[in-house]
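Asker: There's a structure below that I have some questions on.
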Amino acid sequence: MGIDQSEGRADVVIIGAGASGLWSAIELASDHDVVVLEAGRVGAGASGYAAGFVGPFADWAPYPAAVEHSIEAFRALDGSHGFTFHDRPYVELAETDAERDSFVEAYQPLFDREGYELEYCPTSELAERWPGRFDLDGFDGGLVKAESGIIDVREYATALAETARERGAEIRTQTPVERIVTDDDTVVGVETPDGRIEAETVVCAAGAQTGSLVESFVDLPTRQFIYCNLRVNVDGELDDAYPMMYGRDVWWRPEPDRPQTFLVSGGMYFLPERDRPPRSPPAEYLREVEGVLESVATDIDEVRIVNGSYHTCSKGSAITPDGLPVLDAPENAPDGLVVVTGVTAGISMSPFTGTAVRALVTGEEPMVSLEPFELDRFDDPPADFRVHEIEEMPSTFPTGEY
């Protein structure tokens, strides 16, 4: 189905053509008139600057059905519209017994899931599986997640957009939403520079911009933050068996189309309000990367950053005080407004997010309860809340560096 061009009407307007918005369109477009409005290009926000790690993360382990649905969706999309899903295990290293026990406790719902491939391996087993690849001195072992893989996030966004169009959705890029229009506490559409589009439902999935778009209706307790991503040259070639890795707050993975390159991610920093991220990586982050890769990854003697490879989303991502997203049609918001923001592991869990939005729009039964993602779970959290390993932006940047 598609928007009624002559009258400027749709059943559902989705704000944002990132992974969450596009999956929402895919889920809804077969039986709704859907239009997706994107201020820039498809995947221009945080979705287009993600590191391409796909797999289960601790925040989502209590929802195994959602985790399994998402990985199956990635595999099903493989080969469509130029998208490739590279199945690859993901190893999360633990340094201490306490960290190991924390991993096992956090991921217990997935350990208990029949047929789900997940195991904790001591360093001796890791060394046998990947001989000569890692110096694991000082580590206890690692959580090996087989249900994982690598993607090119730009390929992913393109494939989702084409799939949504095949289902009947219309996607308008370079079309910012100026405001959500209501009448008597009910959503009636959105205003854009090209005019109004009438709609009974508006799904606001605009990433870090969601808060400002809905602030006249609800208060979203989110903070903007960035991941720092860059590429590092490797001394030898990496084969298809090399896993995705995490240790000491640094993620690294091979680049399937660049056999002598790691993509490295980490350096999570809160952005000063309404600010932009630095144009170069923080020195603290570079020291962290050098320390981890030079001590753990035996394919690197000295970290050599690929020129021009540093990248992060200029608008940042959004996160909530408990690290879980808001997926909700809030009771105190206008009827017809659905809010999607703060989706940690947003790429990995985007297929599930689409199903959650469909359930919120149609009233159908969701695959897992959406109660943990409701907005009213927060009770006036501080504006400067801390969550996960995200740090305040270092004060060492000179004026003009932002």
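Using full-length UniProt numbering, the letters of the sequence shown map in sequence onto residues 1 to 402.
From the three backbone atoms N, C-alpha and C, an ideal C-beta is built for every residue, glycine too.
Computed from a prediction, not measured in an experiment: that's the story for all the values here.
What do you reckon, are the CB atoms on Gly142 and Leu126 nearer than 8 Å?
Answerer: What you label residue 142 is simply residue 142 of the sequence shown in a count that begins at 1. What you label residue 126 is simply residue 126 of the sequence shown in a count that begins at 1. In this structure, Leu126 lies closer than 8 Å to Gly142 by Cβ.
Asker: Give the C-beta separation of Ala169 and Val34 to the nearest angstrom, bearing in mind that I take them to be a contact with Cβ-Cβ under 8 Å.
Answerer: Residue mapping note: residue 169 aligns to position 169 of the sequence shown, counting from 1. Residue mapping note: residue 34 aligns to position 34 of the sequence shown, counting from 1. The pair is a contact, with the Cβ atoms about 4 Å apart (cut-off 8 Å).
Asker: According to DSSP, Gln224 sits in a beta bridge with which residue or residues?
Answerer: Reading the sequence shown from its first residue, position 224 is the one you call residue 224. According to DSSP, Gln224 bridges with Ala318.
Asker: In the DSSP assignment, the beta strand (DSSP E) including Ser216 goes from what residue to what residue?
Answerer: Locating residue 216 in the sequence shown gives position 216, counting from the first residue. No beta strand (DSSP E) holds Ser216; DSSP gives it neither H nor E.
Asker: Starting from Arg165, follow the alpha helix (DSSP H) in both directions and report where the run begins and ends.
Answerer: For the purposes of this step, residue 165 is identified with residue 165 of the sequence shown, where counting begins at 1. Taken as a continuous stretch (DSSP letters only), the alpha helix (DSSP H) holding Arg165 covers Val153 to Arg167.
Asker: Using a threshold of 8 Å, state whether the C-beta atoms of Pro243 and Val91 are closer than that.
Answerer: Translated into the one-based positions of the sequence shown, residue 243 becomes position 243. Translated into the one-based positions of the sequence shown, residue 91 becomes position 91. Closer than 8 Å, so yes.
Asker: Determine the DSSP secondary structure at Ala241, reduced to helix, strand or coil.
Answerer: Here residue 241 refers to the residue found at position 241 when the sequence shown is read from its first residue. Ala241 falls in the coil class under three-state DSSP.
Asker: Within its chain, find whatever has a CB closer than 6 Å to the CB of Gly400; leave out the 5 residues flanking it on each side and keep chain order.
Answerer: Taking the first residue of the sequence shown as 1, we reach residue 400 at position 400. Note that Gly400 has pLDDT 41, beneath the 50 cutoff, so the model's placement of it is unreliable and no number is given.
Asker: Can you give me the C-alpha to C-alpha distance between Val343 and Val289, rounded to a whole angstrom?
Answerer: One-based indexing of the sequence shown puts residue 343 at position 343. One-based indexing of the sequence shown puts residue 289 at position 289. Whole-angstrom Cα-Cα distance: 25 Å.
Asker: Spatial neighbours of Asn233 within its chain, please: CB distance less than 7 Å, with the 5 preceding and 5 following residues excluded, ordered by chain position.
Answerer: Start at 1 with the first residue of the sequence shown, and residue 233 comes out as number 233. Only Gln260, Thr261, Arg304 and Val306 meet the Cβ criterion.
Asker: Whole angstroms is fine: what's the gap from Gln5's alpha carbon to Ala44's?
Answerer: Your numbering for residue 5 matches position 5 in the sequence shown. Your numbering for residue 44 matches position 44 in the sequence shown. Only weak support exists for where Gln5 lies, its pLDDT of 44 falling under 50; the value from the coordinates is given anyway. Near 25 Å, if we compare the C-alpha coordinates of Ala44 and Gln5.
Asker: Which residues mark the beginning and the end of the alpha helix (DSSP H) in which Gln108 is found?
Answerer: Position 108 of the sequence shown, counted from the start, is the residue given in the question as residue 108. Start and end: Gln108 to Phe111.
Asker: Which stretch, first to last residue, makes up the beta strand (DSSP E) that contains Leu327?
Answerer: Numbered from 1 along the sequence shown, position 327 holds the residue referred to as residue 327. From DSSP, the beta strand (DSSP E) with Leu327 extends over Val326 to Asp328.
Asker: For Pro334, count the other beta carbons within 10 Å of its own beta carbon; 16 or more makes it buried, fewer makes it exposed. Which is it?
Answerer: Start at 1 with the first residue of the sequence shown, and residue 334 comes out as number 334. Buried.
Asker: Hey, out of Arg223, Thr210 and His86, whose CA is closest to Pro256's CA?
Answerer: Taking the sequence shown and counting its residues from 1, the one referred to as residue 256 is at position 256. The option with the nearest alpha carbon to Pro256 is His86.
Asker: Out of Gly354, Met349, His388 and Pro330, which has the shortest C-alpha to C-alpha gap to Glu371?
Answerer: In the sequence shown, the residue the question calls residue 371 occupies position 371. That would be Pro330, whose Cα lies nearest to the Cα of Glu371.
Asker: By how many angstroms is the C-alpha of Glu114 removed from the C-alpha of Ser80?
Answerer: Translated into positions along the sequence shown, residue 80 becomes position 80. Translated into positions along the sequence shown, residue 114 becomes position 114. Distance between the alpha carbons of Ser80 and Glu114 is about 29 Å.
Asker: Where does the unbroken beta strand (DSSP E) through Trp252 begin, and where does it stop?
Answerer: The count along the sequence shown starts at 1 and reaches residue 252 at position 252. From DSSP, the beta strand (DSSP E) with Trp252 extends over Val250 to Glu255.
Asker: Where do the ends of the beta strand (DSSP E) carrying Gly189 lie?
Answerer: Position 189 of the sequence shown holds residue 189. That run of the beta strand (DSSP E) goes Val187 to Thr192.
Asker: Taking only the alpha-carbon atoms, compute the straight-line gap between Leu220 and Gln209 and give it to the nearest angstrom.
Answerer: As a working mapping, residue 220 is identified with position 220 in the sequence shown. As a working mapping, residue 209 is identified with position 209 in the sequence shown. Cα to Cα, Leu220 sits roughly 11 Å from Gln209.
Asker: Cα-Cα, which of Ala65, Ser124 and Lys145 is closest to Leu136?
Answerer: Walking along the sequence shown from the start, residue 136 turns up at place 136. Minimum Cα distance to Leu136 is reached at Ser124.
Asker: Evaluate Gly301 with the Cβ neighbour count: other Cβ atoms within 10 Å of its Cβ, from every protein chain shown; 16 or more gives buried, anything less gives exposed.
Answerer: Numbered from its first residue, the sequence shown carries residue 301 at position 301. The amino acid occupying residue 301 in the given sequence is Asp; Gly does not appear at that position. By the 10 Å Cβ count, Asp301 comes out exposed.
Asker: Does Ser265 come out as helix, strand or coil in the three-state DSSP assignment?
Answerer: As a position in the sequence shown, residue 265 is number 265, starting the count at 1. It is a strand residue.
Asker: Starting from the N-terminal side, write out each stretch of the beta strand (DSSP E) that is 3 residues or longer and does not extend beyond the region 37 to 112.
Answerer: Runs found: 90 to 94.
Asker: For Gly55 and Asp78, what's the separation of their Cα atoms in angstroms?
Answerer: Numbered from 1 along the sequence shown, position 55 holds the residue referred to as residue 55. Numbered from 1 along the sequence shown, position 78 holds the residue referred to as residue 78. Taking the straight line joining both Cα atoms gives about 15 Å.
Asker: Short check: CB of Val153 to CB of Ile347, under 8 Å?
Answerer: Indexing the sequence shown from 1 puts residue 153 at position 153. Indexing the sequence shown from 1 puts residue 347 at position 347. Taking 8 Å as the Cβ cut-off, Val153 and Ile347 qualify as a contacting pair.
Asker: Rounded to whole angstroms, what is the Cα-Cα separation between Arg165 and Glu128?
Answerer: One-based indexing of the sequence shown puts residue 165 at position 165. One-based indexing of the sequence shown puts residue 128 at position 128. About 46 Å.
Asker: Please report the distance separating the alpha-carbon of Val187 from that of Gly48.
Answerer: Residue mapping note: residue 187 aligns to position 187 of the sequence shown, counting from 1. Residue mapping note: residue 48 aligns to position 48 of the sequence shown, counting from 1. Distance between the alpha carbons of Val187 and Gly48: 29 Å.
Asker: Considering Thr173, what are the terminal residues of the alpha helix (DSSP H) in which it resides?
Answerer: Start at 1 with the first residue of the sequence shown, and residue 173 comes out as number 173. Per DSSP, Thr173 belongs to no alpha helix (DSSP H) and is neither H nor E.
Asker: Can you check which of these residues, Met349, Tyr120, Asp11 and Gly336, is closest to Val104 by C-alpha distance?
Answerer: As a first step, residue 104 is located in the sequence shown; it is residue number 104 there, counting from the start. Of the candidates Met349, Tyr120, Asp11 and Gly336, the one whose C-alpha sits nearest the C-alpha of Val104 is Tyr120.
Asker: Is the number of C-beta pairs between the region 24 to 40 and the region 53 to 69 that are closer than 8 Å three or more?
Answerer: Too few Cβ pairs lie closer than 8 Å, so no.
Asker: Taking DSSP's pairing of strands, which residues face Arg337 in a bridge?
Answerer: For the purposes of this step, residue 337 is taken as the residue at position 337 of the sequence shown. A quick correction: the sequence has Leu, not Arg, at residue 337. According to DSSP, which records beta bridges pairwise, Leu337 is partnered with Val202.
Asker: Using only CA atoms, which one of Ser20, Arg9, Gly8 and Ile14 lies nearest to Thr355?
Answerer: Here residue 355 is taken as the residue at index 355 of the sequence shown, counted from 1. Cα-wise, what sits closest to Thr355 is Ser20.
Asker: Return the chain-ordered list of same chain residues with a C-beta closer than 6 Å to the C-beta of Phe139, the five sequence neighbours on each side being excluded.
Answerer: Here residue 139 is taken as the residue at index 139 of the sequence shown, counted from 1. Excluding positions up to five away in sequence, the list reads Leu93, Glu95 and Thr123.
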